[in-house]
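The opening position of the sequence shown corresponds to residue 1 in the UniProt record's numbering, with each subsequent residue numbered one higher. Backbone N, C-alpha and C define an ideal beta-carbon position, used for all residues, glycine too. Note that the structure is a prediction, hence the values are computed from the model and not measured.
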Amino acid sequence: MQIWVDADSVPLIAKDLIIKTAERTQTMAIFVANQSIKLRKSPLLTMTVVPSGFDKADDYIVEQIQPGDLAITSDIPLANDILDKGGMVLTTRGVIYDKNNIKQKLNMRDFMDTMRGTGILELQEMSGQKPYGDRDKKAFADGLNKLVR
């Protein structure tokens with residue numbers, strides 16, 4: 001197993017948990033983004049910088065991921081593609097996506113995009129993402145411990 005991290009928007013707390021888990025379990029963690037992020041020196045940690053552009057990091061992860069690998073992302077279409085390739089998906093808020101729940105999440109995402117695009121849903125009616133808190137950190141750590149052994 002390798003851990004693939006959609007690193008463009010991973011919270012610092014989650015990044016630290018991924019690094020600690022990778023080192024504790026001797027699992028390779030590959031961080032993928034369109035700009036470099038600072039990682040400690042370790043043979044288990046890799047930073048892959050992809051060209052700037054829409055979904056370049058996502059495309060790279062989908063190309064590289066193998067069945068049984070874990071991806072850390074909150075990107076629902078990316079999660080769906082990873083599951084199609086036999087990978088596992090965990091969000092930084094501790095949600096494990098699988099074949100039983102991803103289609104519902106994808107449909108809801110598409111529905112909300114349609115609502116925003118048609119102007120039915122006003123910007124002030126949309127709730128933004130709440131701050132990353134202790135509950136999120138614990139759920140993420142628990143999910144990592146469950147999936148990476």
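(message) Less than 7 Å between the beta carbons of I18 and V32, yes or no?
(response) no
(request) Can you give me the start and stop residues for the beta strand (DSSP E) that Q2 sits inside? (result) Q2 to D6
(request) Compute the distance between the beta-carbons of G143 and L70, then report whether it is under 7 Å. (result) no
(message) Between F140, N101 and S9, which has its C-alpha nearest N34's C-alpha?
(response) S9
(message) Cutting at 8 Å between CB atoms, please list the residues of its own chain near V62, excluding the five before and the five after it.
(response) L78, D81, I82 and K85
(message) Looking only at its chain, what residues have a beta carbon closer than 7 Å to the beta carbon of A57, apart from the 5 residues adjacent to it on each side?
(response) D6, D8, V32, A33, N34 and V50
(request) Identify, in the order they occur along the chain, each residue of the same chain with its Cβ nearer than 7 Å to the Cβ of I37, setting aside the five sequence neighbours on each side. (result) A7, F31 and M47
(request) Use the C-beta contact count for F54: other C-beta atoms within 10 angstroms, 16 or more gives buried, fewer gives exposed. (result) exposed
(request) Report the three-state DSSP secondary structure of F140 (helix, strand or coil). (result) helix
(message) Classify G133: buried if its beta carbon has 16 or more other beta carbons within 10 angstroms, exposed otherwise.
(response) exposed
(message) With DSSP as the reference, identify every bridge partner of V49, one or two as the case may be.
(response) A33
(request) Have a look at the DSSP bridge pairing and note the partners of Y97. (result) V89
(request) Closer than 6 Å by C-beta to S52: which residues in its own chain qualify, once you throw out the five before and the five after it? Chain order, please. (result) N34
(message) If you reduce the DSSP assignment to three classes, tell me which class I19 lands in.
(response) helix
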